[in-house]
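Asks:
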Amino acid sequence: MKKTFAIRIGDSGKNLLDFLAVQLKLSRRKAKDVIDSRNVLVNRKRVWMAKHVLEKNDIVEILNFQSEDTPKQEIKILYQDDDFIIADKPAGILTNDEDSAESMLQEQLKNPELQAVHRLDRDTSGCLLFAKNQTAFRTMIDLFKKMAVKKTYHVIAIGYLEKDEQQISFKIDDEHAMTKIRKLDGNRRASHIVAMIETGRTHQIRKHLDMINHPVLGDRQYGMRFGVAEFADEIPRQMLHSHSIEFRNPANNKNILVKAPLPEDFKRCLHKLRLT
């Protein structure tokens, strides 16, 4: 649902956070979540700064807004067995905490024991693994520690990567980190790559790609100095998608491989950048 507001003289000078909290009848925290979702436009330009000052005749638009009365979004389940669930997390929501993928699935499946085994950033979409019980949770944590879980990501990176395949092994926070990348397509503006991580350091792919001067398109933490601004109005988030998870379930020795299709916003970016 889209909501549109025209700023009148009485609201001129207010910051975006305070204005949205009043207009949407939300707490400041929830209004901040709306802004953080990257779905707020002012005069057709995406704005994510809560302190942005509004002026008379500004047009504020909120895309995909869900009020408290709107039926809650359901998380798509890609795989489920007695112990595990692999869900397709939409971009724009946290992995855990209040109003997160974890809490939404707990309510959706009526299982308060459900726990996310790993994390995806708020703006990262795709495969997210959950354990249905504590035994399954401990089992998966052990597999992650043994690096027995394979994860692949689709990424749009800024600029043209010369090499078709490469390994990045810079340390992150003084710990070993390994990322393998394979280029699928590329041009002067951007490259579509697949990244496979053998370790799970915080923001590993984002940091490693930044270290080789090809940050993730739309990454406003690591990519700002590489011209994200020229794409800002077209790019709703960081273009990072958790494409697949693969592991062998110790309980039955069954190999599990699950893939999440590319979301529409990712495909639109590929099209705009003339990438396949």
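Residue numbers 37 to 312, in my numbering, belong to the letters of the sequence shown in order. For each residue, glycine too, the CB sits at the ideal point set by N, CA and C.
#1: Assign residue 215 to buried or exposed, taking buried as 16 or more other Cβ atoms, counted over all protein chains shown, within 10 Å of its Cβ.
#2: Buried or exposed, going by whether 16 or more other CB atoms sit within 10 Å of the CB of residue 176?
#3: Are the region 139-151 and the region 183-193 in contact at 8 Å, needing three or more beta carbon pairs?
#4: Residue 248 by DSSP, collapsed to three states: which one?
#5: Can you find at least 3 beta carbon pairs, one from the region 113-128 and one from the region 165-183, that sit closer than 8 Å?
#6: Given this structure, state the Cα-to-Cα distance separating residue 255 from residue 244, to the nearest angstrom.
#7: Figure out for me which residue from 229, 212, 164 and 158 has the closest Cα to the Cα of residue 72.
#8: So, using beta-carbon positions, are residue 96 and residue 78 closer together than 7 Å?
#9: Residues bridged to residue 40 by DSSP?
#10: Within the region 176-262, note down every full alpha helix (DSSP H) run reaching 4 residues or more, in order along the chain.
#11: Could you please give the first and the last residue of the uninterrupted beta strand (DSSP E) stretch that includes residue 116?
#12: Quick check for students: name the residue ranges of the alpha helix (DSSP H) that lie wholly in the region 115-148, counting only runs of 4 or more.
#13: On the DSSP bridge list, what partners appear for residue 67?
#14: Using only the alpha-carbon positions, how far apart do residue 123 and residue 172 sit?
#15: Taking residue 205 as the reference, which of 221, 236 and 76 has the closest Cα?
#16: Tell me whether residue 110 is buried or exposed, calling it buried when 16 or more other Cβ atoms sit within 10 Å of its Cβ.
#17: Applying the criterion that 16 or more other CB atoms from any shown protein chain within 10 Å of the CB defines a buried residue, is residue 277 buried or exposed?
#18: DSSP on residue 62, reduced to helix/strand/coil?
#19: In the structure shown, what three-state DSSP assignment does residue 16 receive?
#20: Flag this pair as yes or no: are the beta carbons of residue 251 and residue 208 separated by less than 7 Å?
#21: Give me, in chain order, the residues of the same chain whose beta-carbon lies closer than 7 Å to that of residue 286; leave out the 5 immediate sequence neighbours on both sides.
#22: Which value, in whole angstroms, describes the spacing of the CA atoms of residue 223 and residue 311?
#23: Mind checking who residue 161 pairs with in its DSSP beta bridge?
#24: Quick one: give me the first and last residue of the beta strand (DSSP E) that residue 290 is part of.
#25: Considering only DSSP beta bridges, list what residue 81 is partnered with.
#26: Residue 129 to residue 212, Cα distance in whole Å?
#27: What does the alpha-carbon distance come out to for the pair residue 140 and residue 197?
Replies: If we stick to the structure as given:
#1: With 16 or more Cβ atoms within 10 Å of its Cβ, residue 215 is classed as buried.
#2: Looking at its Cβ environment, which holds 16 or more other Cβ atoms inside 10 Å, residue 176 is buried.
#3: In short, these stretches do not touch, since the Cβ pair count stays below three.
#4: Of the three classes helix, strand and coil, the one that applies to residue 248 here is coil, per DSSP.
#5: The region 113-128 is in contact with the region 165-183.
#6: If I take the Cα positions, the gap works out to 13 Å.
#7: Closest option to residue 72, Cα to Cα, is 158.
#8: Yes, Cβ-Cβ distance for residue 96 and residue 78 is below 7 Å.
#9: According to DSSP, residue 40 shares a beta bridge with 97.
#10: Counting only unbroken stretches of 4 or more residues, the alpha helix (DSSP H) elements lying wholly within the region 176-262 are 240-247, in sequence order.
#11: Taken as a continuous stretch (DSSP letters only), the beta strand (DSSP E) holding residue 116 covers 112-116.
#12: With a minimum length of 4 residues, the continuous alpha helix (DSSP H) runs that stay inside the region 115-148 are 137-145.
#13: BP columns for residue 67 are empty, so no partner.
#14: In a straight line, the C-alpha of residue 123 is about 16 Å away from that of residue 172.
#15: The candidate whose alpha carbon is nearest that of residue 205 is 236.
#16: Classification for residue 110: exposed.
#17: Classification of residue 277: buried, given that the 10 Å Cβ count is 16 or more.
#18: It is coil, neither helix nor strand.
#19: The structure shown does not extend to residue 16, since the chain is modelled only from 37 through 312, so no value can be given for it.
#20: Not in contact: residue 251 and residue 208 (Cβ atoms no closer than 7 Å).
#21: Apart from the 5 residues on each side of it in sequence, residue 286 sits with its Cβ closer than 7 Å to the Cβ of 175 in its chain, given in chain order.
#22: Roughly 8 Å separates the two Cα atoms.
#23: Paired residue(s): 277.
#24: Boundaries of the beta strand (DSSP E) around residue 290: 290-295.
#25: Beta bridge pairing from DSSP links residue 81 with 78.
#26: The alpha-carbon atoms of residue 129 and residue 212 are separated by roughly 29 Å.
#27: If I take the Cα positions, the gap works out to 38 Å.
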